[in-house]
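K.L.:
Numbering (my numbering), first residue to last: 8 to 198. Built from N, CA and C at the ideal position, the CB exists for glycine as well. As the structure is a computational prediction, the values presented were derived from the model and not from experiment.
(1) Would you report the Cα separation of residue 95 and residue 88, rounded to the nearest angstrom?
(2) Count the other CB atoms within 10 Å of the CB of residue 173; is the residue buried (16 or more) or exposed (fewer)?
(3) Could you check what DSSP says for residue 113 in three-state terms: helix, strand or coil?
(4) Which same chain residues, not among the five before or five after residue 186, have their C-beta less than 7 Å away from its C-beta?
(5) Going straight from the alpha carbon of residue 8 to that of residue 121, what length do you get?
(6) Considering just the uninterrupted stretch of the alpha helix (DSSP H) at residue 178, what are its terminal residues?
(7) Counting pairs of Cβ atoms below 8 Å between the segment 175-194 and the segment 71-90, do you hit three or more?
(8) Could you tell me if residue 27 is buried or exposed, where buried requires 16 or more neighbouring beta carbons within 10 angstroms of its beta carbon?
(9) Drop a sphere of 10 angstroms on the beta-carbon of residue 112, count the other beta-carbons inside from all chains shown, and report buried for 16 or more, exposed for fewer.
(10) Taking the beta strand (DSSP E) that residue 128 belongs to, which residues open and close that run?
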């Protein structure tokens, strides 16, 4: 399973969902990165990681549900009904690479961060390590990754995910979902 075909410098950009114009900016940046990474001609898989058993960790599945409710060309793994989490992520990754020849994978997950970054969304031209904020060792996934910083990082990461407001997570999921849908419509439309 090849996570990244090209060696490029890891670059992370931050977006503020409270500013409405940044949703289009996130969508435009997703498009730009997909083209830069030669992903536009591949099957694009969005793997939405997390579980609704911890409010803050529901970001990924909420994004998955949001995308599936709209007409996109993405293949989606990870919804509230069928979440991708620590217990099944290895199998899910294996299925993705068995079912699709050289796919472009966008990984979406909740994350914990510094207080100045709380509530922001990140876009990175590289994989992510799910569970890192709560000290889980899970396989890296994604050619590109999107995270929502839902709470502060710290020694009680799992507890912080439990105590994150659902409203905050839902708003962030819709923001990410809208940006991904915007990107999909522009990638799949003839020029």
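P.N.:
For this structure:
(1) In the chain shown, counting from the first residue as 1, residue 95 sits at position 88. In the chain shown, counting from the first residue as 1, residue 88 sits at position 81. Those two C-alpha atoms are separated by around 14 Å.
(2) Reading the chain shown from its first residue, position 166 is the one you call residue 173. Exposed, because fewer than 16 other Cβ atoms sit within 10 Å of the Cβ of residue 173.
(3) As a working mapping, residue 113 is identified with position 106 in the chain shown. Three-state result, residue 113: strand.
(4) Position 179 of the chain shown, counting from 1, holds the residue named residue 186. Only 30, 33, 34 and 37 meet the Cβ criterion.
(5) Your numbering for residue 8 matches position 1 in the chain shown. Your numbering for residue 121 matches position 114 in the chain shown. The predicted position of residue 8 is uncertain, since its pLDDT is 46 and thus under 50; a value taken from the coordinates is nonetheless stated next. Going by the C-alpha atoms only, they are around 32 Å apart.
(6) For the purposes of this step, residue 178 is taken as residue 171 along the chain shown, with counting starting at 1. Where residue 178 is concerned, the enclosing alpha helix (DSSP H) stretches over 173-195.
(7) yes
(8) Your numbering for residue 27 matches position 20 in the chain shown. Exposed is the call here.
(9) The residue you call residue 112 lines up with position 105 of the chain shown. Looking at its Cβ environment, which holds 16 or more other Cβ atoms inside 10 Å, residue 112 is buried.
(10) In the chain shown, counting from the first residue as 1, residue 128 sits at position 121. 128-131 is the span of the beta strand (DSSP E), which, as asked, contains residue 128.
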